[in-house]
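Asker: In order, the protein sequence lines correspond to chains U and L. Heads up, the first sequence is in this note's numbering, so the first residue is -8 and it goes up one at a time. Heads up, the second sequence is in this note's numbering, so the first residue is -8 and it goes up one at a time. Yeah, the Cβ is synthetic: ideal placement off N, Cα and C, and Gly gets one too.
There are 2 protein chains.
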Amino acid sequence: MNSVAELQDFIINGHKHYMPHMSIDAAIFGYHDHQLKILLSSYKALDGYCLPGGYIRRTETLDEAANRIVAERTSLTDLYLQQYKTFGDPDRIKWNEMDFENFSKKLELKYIKDSWLMDQTISIGYYALTDFSLVTPQADVMSDFCAWFNINEVPPLLFDHDQMVKDSLHALRMQLYYYPIAEKLLPAKFTLTEIHAVYETLLDKKLDIRNFPKKLVFLGLIKKLNEKRNIGPHRAPFLYKFDKKKYTKALETGTTLT
Amino acid sequence: MNSVAELQDFIINGHKHYMPHMSIDAAIFGYHDHQLKILLSSYKALDGYCLPGGYIRRTETLDEAANRIVAERTSLTDLYLQQYKTFGDPDRIKWNEMDFENFSKKLELKYIKDSWLMDQTISIGYYALTDFSLVTPQADVMSDFCAWFNINEVPPLLFDHDQMVKDSLHALRMQLYYYPIAEKLLPAKFTLTEIHAVYETLLDKKLDIRNFPKKLVFLGLIKKLNEKRNIGPHRAPFLYKFDKKKYTKALETGTTLT
DNA sequence: ACAAAAGTGTTCGATCTACACCCATGT
DNA sequence: ACATGGGTGTAGATCGAACACTTTTGT
Chain U
-8 MNSVAELQDF IINGHKHYMP HMSIDAAIFG YHDHQLKILL SSYKALDGYC LPGGYIRRTE
52 TLDEAANRIV AERTSLTDLY LQQYKTFGDP DRIKWNEMDF ENFSKKLELK YIKDSWLMDQ
112 TISIGYYALT DFSLVTPQAD VMSDFCAWFN INEVPPLLFD HDQMVKDSLH ALRMQLYYYP
172 IAEKLLPAKF TLTEIHAVYE TLLDKKLDIR NFPKKLVFLG LIKKLNEKRN IGPHRAPFLY
232 KFDKKKYTKA LETGTTLT
Chain L
-8 MNSVAELQDF IINGHKHYMP HMSIDAAIFG YHDHQLKILL SSYKALDGYC LPGGYIRRTE
52 TLDEAANRIV AERTSLTDLY LQQYKTFGDP DRIKWNEMDF ENFSKKLELK YIKDSWLMDQ
112 TISIGYYALT DFSLVTPQAD VMSDFCAWFN INEVPPLLFD HDQMVKDSLH ALRMQLYYYP
172 IAEKLLPAKF TLTEIHAVYE TLLDKKLDIR NFPKKLVFLG LIKKLNEKRN IGPHRAPFLY
232 KFDKKKYTKA LETGTTLT
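1) Counting only the same chain and skipping the five closest in sequence on each side, list residues whose C-beta sits under 6 Å from that of S134(L).
2) Give me the Cα-Cα distance between D54(U) and D153(L), rounded to the nearest whole angstrom.
3) Would you identify the three-state DSSP class for S114(U), choosing helix, strand or coil?
4) With a threshold of 7 Å between beta carbons, is I213(L) in contact with chain U?
5) Tell me the DSSP bridge mates of M13(U)?
6) Given that T50(L) touches chain U, what residues does it touch there, using C-beta distances under 9 Å?
7) Give a yes or no on whether 7 Å exceeds the smallest Cβ distance from I60(U) to chain L.
8) Measure the alpha-carbon distance for I113(L) versus D151(L) and round it to whole angstroms.
9) I'd like to know if Q250(U) contacts chain L, where contact means its C-beta is closer than 7 Å to some C-beta of that chain.
10) When DSSP labels each residue in this structure, what does K7(L) get in the three-state scheme?
11) Counting pairs of beta carbons, one from the segment 41 to 61 of chain L and one from the segment 92 to 101 of chain L, are three or more of them closer than 8 Å?
12) Mind reading off the beta-carbon distance from K28(L) to N202(L)? Whole number of angstroms is fine, and I expect it under 8 Å.
13) Give every residue of the same chain whose Cβ lies closer than 7 Å to the Cβ of L67(L), excluding the five residues on either side of it in the sequence, and list them in chain order.
14) So within the segment 66 to 105 of chain U, which uninterrupted alpha helix (DSSP H) runs reach at least 4 residues, ignoring any that extend past its ends?
15) Can you tell which of Y117(U), D110(U), K196(U) has the C-alpha that lies nearest to the C-alpha of T77(U)?
16) By how many angstroms is the C-alpha of E218(U) removed from the C-alpha of L(-2)(U)?
17) If you scan the segment 200 to 236 of chain U from start to end, which runs of the alpha helix (DSSP H) of 4 or more residues do you find wholly inside it?
18) Looking at chain U, is there any beta carbon in it that lies within less than 7 Å of the beta carbon of L167(L)?
19) Measure the C-alpha to C-alpha separation of D131(U) and M155(U) and round it to an integer number of angstroms.
20) Taking only the alpha-carbon atoms, compute the straight-line gap between D230(U) and G211(U) and give it to the nearest angstrom.
21) Assign E185(U) to buried or exposed, taking buried as 16 or more other Cβ atoms, counted over all protein chains shown, within 10 Å of its Cβ.
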């Protein structure tokens, strides 16, 4: 949805193609080089930031919808995506935070107030995980802007999105103990130092540098390759890769990792 | 909702008071004396069983709605209740399984086909846990009947409810390792044998009779009382109770229990 | 030779598992 | 005294946590 005309049509007729009263909000986490970020957007004439979201097409599964919504902002598909909780407090959206008139004026739209979009909405929370260096955040007609924020510098968000960030981050960290999620954040071949940094950053705690690889190799999740990477004036580190079979099996059954 | 007139009004005007396109389905698990059961209902003129469900009032939170829905079937409030997953496949409800004409005729209703109820619906899955001996299952105008089924004798269910049972049971068992859920299934004072049976039955596996109490007492979750129960011609077992403080704290933070 | 990062092994304590016999009570 | 279910302790294995020095490489 990129033109104002399309948006106008969406506002009037969207409920024929999308499920009304229902949205998906995505906490998209991005890792790169010891940093954990989250993608926030701001809407035209709304004062503040929120998680990117969208609606569910009547022909889509929830996972498909979440994938599409995330792809619209990141241009990436196939990143790690998980439903974690559904939010439905009747007062989760504070309508005084929405400035319809301003919004409509800014975009030269009509019918905002009576639109299906303005009814009470329950939101399905998804989180996604990707390498933020691969992503150029995309705004669209409704959003002023869309950008990565450092996880420790997230401003207070609109609606119940503070809660969503908190819950999604908690879910992500819990899952990290059971599922080898890190695969999507690393190149096909990576060093021990790199994967170690991923875990430390996502969990926001120190992991013993000597015990950590033991566990991963013991579990069979990663395999040492007979290659090294040249990194300048230092000892060349060995490269590792995920064992695809063990990895996908672990995604199903779960493994523990401290 | 107990009269046909109320139901008729609900079918026509319900969307003013309830969120349309959205329902809650509850997997209500009941434990008693080594048995695990689940509450199923069947709808008039629908061929088969399904999980009890309901709609969300526009003034309710999701948890409140789930509580109400569960209370309508069990007459109990305040049982252990958890949201575990939201289901939204566009084909999750096979409309050929719904026999509107038959249903309408049976209840002498009009307007079924055009009702808000007949649109595509996303369902929020909750599970609940209670002592089934405390519950007399309640049917209502829409349901023929509502009864406890042994968990191993659940017939194939309508819609995507087989998946719901599977997922909810999995969620329940996972949570049982982290949260001392059993409290709601036992009298205030209980014996080690009783709580042991609860865990073995819910997890469907053997737990060492000697190691099990060690863990619980070590964690401080339960406390030995200076009372015994008279159980006839055998040694009288000591009674235990949950340590409320530790218990509620564990509900927040989680504990592990193997 | 030195600076920078990689890589590696052992010990200790905690925890988990497995396992079998004696105890208390009522009839 | 006996039948029934209640209750307890220990040893071995496994797992996780803590910890510091040597190796490699390019300049």
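Answerer: So, to answer that:
1) Residue mapping note: residue 134(L) aligns to position 143 of the second sequence, counting from 1. S32, Y34.
2) Against the first sequence, residue 54(U) aligns to sequence position 63. Against the second sequence, residue 153(L) aligns to sequence position 162. If I take the Cα positions, the gap works out to 19 Å.
3) Indexing the first sequence from 1 puts residue 114(U) at position 123. It is a strand residue.
4) Residue numbering aside, residue 213(L) sits at position 222 when the second sequence is read from its first letter. Not one chain U Cβ lies under 7 Å of I213(L).
5) By one-based count along the first sequence, residue 13(U) stands at place 22. DSSP lists I113(U) as partners of M13(U).
6) Taking the second sequence and counting its residues from 1, one reaches residue 50(L) at position 59. Ordered by position in chain U, the residues that pass the 9 Å Cβ test against T50(L) are P81.
7) By one-based count along the first sequence, residue 60(U) stands at place 69. Chain L, which has no Cβ nearer than 7 Å to the Cβ of I60(U), makes this no.
8) Walking along the second sequence from the start, residue 113(L) turns up at place 122. Walking along the second sequence from the start, residue 151(L) turns up at place 160. Distance between the alpha carbons of I113(L) and D151(L): 11 Å.
9) Beyond the ends of chain U as shown, which are -8 and 249, falls residue 250(U); an answer cannot be given.
10) In the second sequence, residue 7(L) corresponds to position 16, counting from 1. Correct three-state label for K7(L): helix.
11) no
12) Residue 28(L) sits at position 37 when you count from the first residue of the second sequence. Residue 202(L) sits at position 211 when you count from the first residue of the second sequence. About 28 Å separates the two Cβ atoms, so there is no contact after all.
13) Residue mapping note: residue 67(L) aligns to position 76 of the second sequence, counting from 1. Contacts found: T121, L125, V126.
14) 91 to 98
15) The residue labelled residue 77(U) in the question sits at position 86 within the first sequence. Cα-wise, what sits closest to T77(U) is Y117(U).
16) As a position in the first sequence, residue -2(U) is number 7, starting the count at 1. As a position in the first sequence, residue 218(U) is number 227, starting the count at 1. Rounded to the nearest angstrom, the two C-alpha atoms are 52 Å apart.
17) 202 to 210
18) Taking the second sequence and counting its residues from 1, the one referred to as residue 167(L) is at position 176. Closer than 7 Å: no.
19) Here residue 131(U) refers to the residue found at position 140 when the first sequence is read from its first residue. Here residue 155(U) refers to the residue found at position 164 when the first sequence is read from its first residue. Taking the straight line from one Cα to the other gives about 22 Å.
20) Locating residue 230(U) in the first sequence gives position 239, counting from the first residue. Locating residue 211(U) in the first sequence gives position 220, counting from the first residue. Strictly speaking, residue 230(U) in this sequence is Leu, with Asp absent from that position. Approximately 15 Å, taken between the alpha carbons.
21) On the first sequence, position 194 is the one that residue 185(U) refers to. That one is buried.
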